[in-house]
Each structure stands twice: as C-alpha cells, then as structure tokens.
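Below: one structure, written as structure tokens.
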Amino acid sequence: MIRTKSAYEPRSADDGYRVLIEPVWPRGLPKGKNTGCDWMKSLYPSMNLRDWMRRNPRKFDSFRGKYLAELSRNEAAVEKLRKMHKQDGTVTLLTVEDGGWDIYGVLAQYLSATCE
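Take a look at the structure:
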C-alpha cells in the first residue's frame, strides 16, 4: 500500500516505511537520526517544473505528465521505494503543503502502478 500523511502527524504502527518528499526540511520537524523517516527530496518535482507550474496553474494534466517523466528518469530513488514497499508492505509519503497540485497523489499513483 502507498499512502500519504502529514509530516507533522505522529508515527503510527501501520505507517511502514516513512519517507519525506520535500525540497527543504519542514519547519518545526526535528532533524537527525531519530526522525523516523528517510528524506528523498529528489522525488519532489524539479525547481524548473515547480516554476512552470506556478506560471501555468491550470495545466495540471501537463504538469502531471512532466512530473511522471521526471520520476521515470529518477530510477534509483524510485527503486528504493519499490524495495521498501516489497519489504514493509506499506510506504507512507510524508507531506507538507503542495500548493494544491496533488504532487503526492501523482507520486502515490506512480508508485502503486510500478510496485504491483
């Protein structure tokens, strides 16, 4: 199972492998080995793609396609999530605010399709 959860919510027993997908570490979230999650900022959309989306907020389908293309070029990070999904059965994508773009939904769908 691939699911999303706020990075500010406490860890729960059914989280499985927890991974933060953010370009910068969220304010107020403790850093260090005891965070209970990995940080894979490389899976967040690139700066160029985020800038493009800010200029074209109504073109979500185009954004989605461009983001999926970025993910397909980031095979090492995606493969790590596949491996953890196979090992733990659940991957929880820790989220903050995505500007209403549903970045995490796109990533979760992509991972679900490639982990099955």
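Take the sequence shown: its position 25, counted from the start at 1, is 25 in the numbering used here, and no numbers get skipped. By construction, the Cβ of each residue, glycine as well, lies at the ideal position given by its N, Cα and C atoms. Keep in mind the model is a prediction, meaning the values are calculated, not measured.
For residue i: DSSP bridge partner residues
i, result
"residue 117", "Nothing can be reported for residue 117: it is not among the residues displayed for the chain, which extend from 1 to 116."
"residue 12", "In the DSSP output, where bridge partners are listed per residue, residue 12 has none listed."
"residue 3", "92"
"residue 38", "19"
Closest by C-alpha distance to residue i, when choosing among the options
i, options, result
"residue 57", "20, 72, 103, 77", "103"
"residue 79", "114, 9, 36, 2", "114"
"residue 9", "87, 96, 75", "96"
"residue 68", "3, 4, 5, 110", "110"
"residue 84", "37, 106, 51", "37"
Close Cβ partners of residue i (< 6 Å) along its chain, the five nearest in sequence each way excluded
i, result
"residue 62", "none"
"residue 65", "none"
"residue 2", "91, 108, 111, 112"
Exposure of residue i, with buried meaning 16 or more beta-carbon neighbours within 10 Å
i, result
"residue 53", "buried"
"residue 45", "buried"
"residue 7", "buried"
Own chain residues within Cβ distance below 8 Å of residue i, not counting five before or after
i, result
"residue 77", "40, 42, 43"
message = Does the structure place the segment 16 to 32 close enough to the segment 84 to 92 that three or more beta carbon pairs sit under 8 Å?
response = yes
query = Pairing CB atoms from the segment 39 to 51 with CB atoms from the segment 21 to 28, are three or more of them under 8 Å?
reply = yes
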